[in-house]
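One line per chain: the protein sequences are A and B, in this order. Sequential numbering of the first sequence, starting at 120, is according to my numbering. Sequential numbering of the second sequence, starting at 2, is according to my numbering.
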Amino acid sequence: MLLNELWFLLIAVLFIGFFFLEGYDFGVGMATRFVARNETERRMLINTIGPFWDANEVWMITAGGAMFAAFPDWYATLFSGFYVPLVVLLLLLIARGTAFEYRAKVEHPKWSGTWDWAIFIASLLCPFLWGVVFSTLVYGLPIDKNMNMHATFTSIVNPYSVLGGLLITLLCLYHGLVFICLRTTDELRERARAFAKKVFWVLAVAALAFVAVTYFVTDLFAKRGAFLFPIYTLDVIILILSALFLAKKRDGWAFGMNAGVILLTISSLFIGLFPRLMISNIKPAFDLTVYNSASGSYSLTVMTIVAVTLLPFVLGYSIWSYYVFRKRVSKKEHLEY
Amino acid sequence: MDILSLARFQYAATTIFHFFFVPLSIGMVLIVSIMETMYVVKKNEIYKKMAQFWGKFFLINFAIGVVTGILQEFQFGMNWSEYSRFMGDVFGAPLAIEALLAFFMESTFIGIWLFGWDRLSKGAHLACIWLVTLGTSLSALWILTANSFMQHPVGFHIHNGRAEMNDFFALLTNPQLWVEFPHTIFGSFATGAFVVAGISAIALLTKKYVSFYVKSFKIAIIIGLFSSVLIALFGHAQAQYLVQTQPMKMAASEGLWKDSGSPAAWTVFANIDTKNHKNSAEIKIPYLLDVLSYDKLSGNVKGIDTLQKEYVQKYGKGNYIPPVVATFWSFRIMTIMGAVLCLLGIIGIFLAWKKKLLDSKWFLRIMVAAIAVPFIGSTTGWLMTEIGRQPWTVFGYMQTAASVSPNVSAGELLFSIIAFITMYAILAVVMVYLFVRTYKEGPSLDNKATVQSNDPFDGEGYHIVTE
């Protein structure tokens, strides 16, 4: 039984990794319309994430694969239940990935302009969709006794899930802006900082609203209040610290604080869910849990050994890649994308 | 159309499209790695230019392979949720390992390779592209581990109303995997090789950058011939294994309704009548089916009707006959494509060795057309493999009709099919346009490059000047 809980934790870690890493590249994608003022600046912004975005996306793919292997029923219910949102998400990710690789292949404003809009729209909507998915996970979904989810439009898109979508989008935007401060120089860097300060206030309002609404519309606090009150308190403090560091031009520290904010925010949802994976609003007996949806102990043992063996290597060369590209992106550099 | 047909259509369409890009990526990155190795070893700038030039094609192609691959991983849950529930305990593991082991490796090192020309030592940069090559091949290994399980399920038992893994190493040592993986991986190498050779042939027809393209052609054609021969060998091994494990697929791919009797002849052509279970206008080569199936000149190969009776006894009432016409012809087209690749490889090496490449315009023209051959070969190969396994998703244990998501409506499926096909059509057009454009831009072999390569400061400035 311990392995079921371990894999719940590992999948949470993969999603936290995804929101932390892909989160900033979604944010940079959004910032191409808010911070950059011309083609060169947009290009520089995109090149700050150039070597990283593809590997960042693998965190999401691995999370999906881990769900499939460790909790086949969770994977089956979630992916078939959120069919239309996932089709849209996939189309956006396909457009976005291609856009990064292709935008600089032809030097014509219409060519790169079209791809840049794809980058912007996809970077804006992907975190929104993930926010919607995660907030409906804690809100409850129409899951029947065979674990099949028959969602209507409003069971996926409702005021709570839209608020959750906005929160994740704003979080990624803020996170991306801090990343830009870390990776660029001079005017672009200062403009990102100034914009991040504005976004901070909107983000803070959205975060408080989300926590308050969560308290009333979900059973998260009723079930895990002892964890969630300190987590959200700490979350708010760290978010404020991030803004303070940013104002003092300690961008590295601000970025580190964001890691904490994302860790706590995503963890809070997983902690609130545990031991459930998906909540049925038809009948609590229909909930998917880490016990009724998991693979057998043999399979989980094998996967644990594989994951424990491979993760250090993955983390090692990922960190090395950040070390290789530690230099800030400036106009004098060769811009690949 | 019903939900099952729509889901199957979407799966087939998106997978076939995805698998245009996958083998090309796997093959091209190997060739780029070899070129960059030659640059590091021989210290000749032309090989660096080669790695960079062909690397551009590789990246254009790789991007689409990556983004269409995300759908592949999500699609099991989205459209085949019942399959995922029943088989996830076994089938999910190789997919998760593929992501953790292969996707992280290739995506991280491709980023470092692309952006790192000026930031890494030559050796470290070279190691990056080899790690991408390793990553793409490992990815093929794990996804084929999953597919081999569907062809020949091993390492599990039925427990708690589903398949549960009980022997991980049985999955990895599945004999099906070790005929299927080499067959596919050498097919991928050949795809990369014949695309590089074909594009080089276009340039050689117009006598552009002759030495650059002759060198590229030579590297490609050697890999091409070597791989094509191995494709045939492992294909042969796979067919023999098929007779043992999935005799129905073998019989269907031969259009063999009744038992062949001994010795068995191989059918080159037949007009298949699926209603009355017989063929007309057959052209046969005596003994050849025995050679293909058993490496002997005698032996009986079971026919579809016999196997149908056996399967009914074993698995209960039902129709266990796959679409025979599709299986029969996809097998033949694949085999012909494989033979064409071997033949072109031999002629190509001979002409290159005799230094007659430039004068043999007829051959260069064939090589340009032959760019399509490996793609037709791998598509028909997969059609045969997957159609011939029907009605099963996992042979002997789960049928396709029982695998589909019950909660995804026909309307939703229609929406996703139209959306993906539209998106993929746009990607295909853009990709071909960029290939043509990259070719027309050429390898930028200006004289400055050779002069500058004597300059100790060349590494810093050159990149900015030309690009």
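C-beta: ideal position from N, C-alpha, C; glycine also. Just so you know, these numbers come straight off a predicted model, no measurement behind them.
Checklist entry - Does DSSP put residue 270 (chain B) in a helix, in a strand, or in coil? => result strand
Item to check | is_contact[residue 433 (chain B), chain A] using C-beta, thresh 8 angstroms | outcome: no
Item to check | Whole-angstrom distance between residue 315 (chain A) and residue 154 (chain B), CA atom to CA atom | outcome: 54 angstroms
Checklist entry - What residue from A:422, A:256, A:320 and A:231 has the CA that sits closest to residue 157 (chain A)'s CA? => result A:231
Checklist entry - How would you call residue 175 (chain B), buried or exposed, if buried means at least 16 neighbouring beta carbons within 10 angstroms? => result buried
Next on the checklist: Residues of chain A with CB closer than 7 angstroms to the CB of residue 60 (chain B), please, in chain order.
Outcome noted: 220
Next on the checklist: Going by C-alpha to C-alpha distance, which of B:232, B:41, B:104 and B:195 sits closest to residue 128 (chain B)?
Outcome noted: B:41
Item to check | Exposure label - residue 45 (chain B); buried when at least 16 CB within 10 Å | outcome: exposed
Item to check | Rounded straight-line distance, which links the Cα of residue 197 (chain A) to that of residue 307 (chain B) | outcome: 43 angstroms
Next on the checklist: Can you tell me which residues form a DSSP beta bridge with residue 395 (chain A)?
Outcome noted: A:408
Checklist entry - When the cut-off is 8 angstroms and only beta carbons count, does residue 460 (chain B) lie next to chain A? => result Confidence in residue 460 (chain B) is poor, its pLDDT being 41 and thus under 50, which makes the residue's placement too unreliable to answer from.
Item to check | Beta carbon proximity, residue 29 (chain B) to chain A, threshold 8 angstroms | outcome: no
Item to check | residue 196 (chain A) - containing alpha helix (DSSP H), residue span | outcome: 191-200
Checklist entry - Is residue 298 (chain B) buried or exposed, if buried means 16 or more other CB atoms sit within 10 Å of its CB? => result exposed
Checklist entry - Within the 8 angstroms Cβ cut-off, does residue 21 (chain B) reach chain A? => result no
Checklist entry - What first and last residue would you give for the alpha helix (DSSP H) that runs through residue 160 (chain B)? => result Taken as a continuous stretch (DSSP letters only), residue 160 (chain B) belongs to no alpha helix (DSSP H), being part of the beta strand (DSSP E) at 157-160.
Checklist entry - For residue 335 (chain B), which three-state DSSP category applies? => result helix
Item to check | With 16 other Cβ atoms within 10 Å as the buried cut-off, status of residue 314 (chain B) | outcome: exposed
Next on the checklist: Strictly below 8 angstroms CB to CB, what residues from chain A border residue 111 (chain B)?
Outcome noted: 173
Next on the checklist: Measuring CB atoms only, is the stretch 251-268 of chain A touching the stretch 219-234 of chain A, in the sense that at least three cross pairs come out at less than 8 angstroms?
Outcome noted: no
Checklist entry - What's the call for residue 18 (chain B), buried or exposed, on a 16-neighbour Cβ count within 10 Å? => result buried
Checklist entry - When the Cα atoms are used, what is the spatial distance from residue 449 (chain B) to residue 49 (chain B)? => result Here residue 449 (chain B) scores only 46 on pLDDT, less than 50, and its place in the model should not be relied on; the value that follows carries that caveat. Taking the straight line joining both Cα atoms gives about 15 angstroms.
Checklist entry - Listing by chain order, which chain B residues have their CB less than 7 angstroms from the CB of residue 212 (chain A)? => result 68 and 71
Checklist entry - Using a beta-carbon distance cut-off of less than 8 angstroms, what residues from the stretch 406-430 of chain B approach chain A? => result 406, 407, 408, 409, 413, 416, 417, 420, 421, 424 and 428
Checklist entry - Whose Cβ in chain A lies nearer than 9 angstroms to the Cβ of residue 65 (chain B)? => result 213, 216, 217 and 220
Checklist entry - DSSP on residue 282 (chain B), reduced to helix/strand/coil? => result strand
Checklist entry - Expressed to the nearest angstrom, what Euclidean distance is found between the alpha-carbon atoms of residue 341 (chain B) and residue 37 (chain B)? => result 29 angstroms
Item to check | Under the three-state DSSP convention, the category residue 266 (chain A) falls into | outcome: coil
Item to check | Neighbouring residues, chain B, relative to residue 205 (chain A) (Cβ below 8 angstroms) | outcome: 75 and 79
Checklist entry - Excluding five sequence neighbours on each side, which residues of the same chain lie with their C-beta closer than 6 angstroms to the C-beta of residue 358 (chain B)? => result 352
Checklist entry - Is residue 220 (chain B) closer than 8 angstroms to residue 350 (chain B) when the C-beta atoms are compared? => result no
Checklist entry - Comparing alpha-carbon positions, which option in B:247, B:152, B:29 and B:233 lies nearest residue 53 (chain B)? => result B:29
Item to check | DSSP state of residue 394 (chain B) mapped onto helix, strand, coil | outcome: strand
Checklist entry - Going along the chain, which unbroken runs of the alpha helix (DSSP H) with 4 or more residues stay wholly within the stretch 25-106 of chain B? => result 46-80 and 82-98
Item to check | Neighbour list for residue 232 (chain A) in chain B, Cβ cutoff strictly below 9 angstroms | outcome: Ordered by position in chain B, no residue passes the 9 angstroms Cβ test against residue 232 (chain A), which lies about 15 angstroms from the chain.
Next on the checklist: Rounding to the nearest angstrom, what Cα-Cα distance links residue 20 (chain B) and residue 407 (chain A) in this structure?
Outcome noted: 35 angstroms
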